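Notes to accompany the following structure.
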Amino acid sequence: LSDARSRIEDADYSAETTALAKAQIVSQASTAMLSQANQSQQSVLSLLR
317 LSDARSRIED ADYSAETTAL AKAQIVSQAS TAMLSQANQS QQSVLSLLR
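Sequential numbering of the sequence shown, starting at 317, is according to the numbering used here.
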(Lines of atoms letter the chains of each structure in order from A and count residues from 1; the text may use other names and numbers.)
(Lines give C-alpha, C1' and ligand atoms only; values in the text may rest on other atoms or scores of the structure.)
Protein backbone atom coordinates (compact mmCIF):
# COMPACT_ATOMS: atom_id res chain seq x y z
CA LEU A 1 0.00 0.00 0.00
CA SER A 2 2.78 2.45 0.82
CA ASP A 3 4.50 1.66 -2.51
CA ALA A 4 1.29 2.53 -4.37
CA ARG A 5 0.86 5.73 -2.37
CA SER A 6 4.47 6.71 -3.07
CA ARG A 7 3.97 6.21 -6.81
CA ILE A 8 0.81 8.34 -6.77
CA GLU A 9 2.54 11.11 -4.82
CA ASP A 10 5.52 11.01 -7.20
CA ALA A 11 3.18 11.25 -10.19
CA ASP A 12 1.32 14.18 -8.61
CA TYR A 13 4.60 15.96 -7.87
CA SER A 14 5.72 15.47 -11.46
CA ALA A 15 2.42 16.76 -12.86
CA GLU A 16 2.45 19.80 -10.57
CA THR A 17 6.06 20.61 -11.43
CA THR A 18 5.20 20.43 -15.12
CA ALA A 19 2.14 22.64 -14.64
CA LEU A 20 4.22 25.20 -12.71
CA ALA A 21 6.86 25.31 -15.45
CA LYS A 22 4.16 25.78 -18.08
CA ALA A 23 2.53 28.61 -16.12
CA GLN A 24 5.89 30.35 -15.69
CA ILE A 25 6.63 30.10 -19.42
CA VAL A 26 3.20 31.51 -20.31
CA SER A 27 3.67 34.34 -17.81
CA GLN A 28 7.09 35.23 -19.22
CA ALA A 29 5.78 35.12 -22.79
CA SER A 30 2.87 37.39 -21.84
CA THR A 31 5.22 39.87 -20.21
CA ALA A 32 7.44 39.88 -23.30
CA MET A 33 4.44 40.44 -25.57
CA LEU A 34 3.20 43.36 -23.47
CA SER A 35 6.66 44.88 -23.48
CA GLN A 36 6.87 44.64 -27.26
CA ALA A 37 3.39 46.11 -27.67
CA ASN A 38 4.36 49.03 -25.43
CA GLN A 39 7.53 49.62 -27.45
CA SER A 40 5.51 49.61 -30.67
CA GLN A 41 3.16 52.26 -29.28
CA GLN A 42 6.10 54.40 -28.23
CA SER A 43 7.60 54.09 -31.72
CA VAL A 44 4.36 55.20 -33.36
CA LEU A 45 4.04 58.15 -30.98
CA SER A 46 7.61 59.24 -31.66
CA LEU A 47 6.96 59.12 -35.42
CA LEU A 48 3.86 61.29 -35.01
CA ARG A 49 5.70 63.98 -33.06
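All C-beta atoms in this analysis are idealised placements derived from N, C-alpha and C, irrespective of residue type, glycine included. This one's a predicted model, so the numbers in the text were calculated from it and none came from an experiment.
{"query": "Straight-line Cα distance separating A320 from S346", "result": "39 Å"}
{"query": "Residue range of the alpha helix (DSSP H) that includes R323", "result": "318-364"}
{"query": "Close-in-space but distant-in-sequence residues of the same chain around L364 (CB under 7 Å, 5 per side omitted)", "result": "none"}
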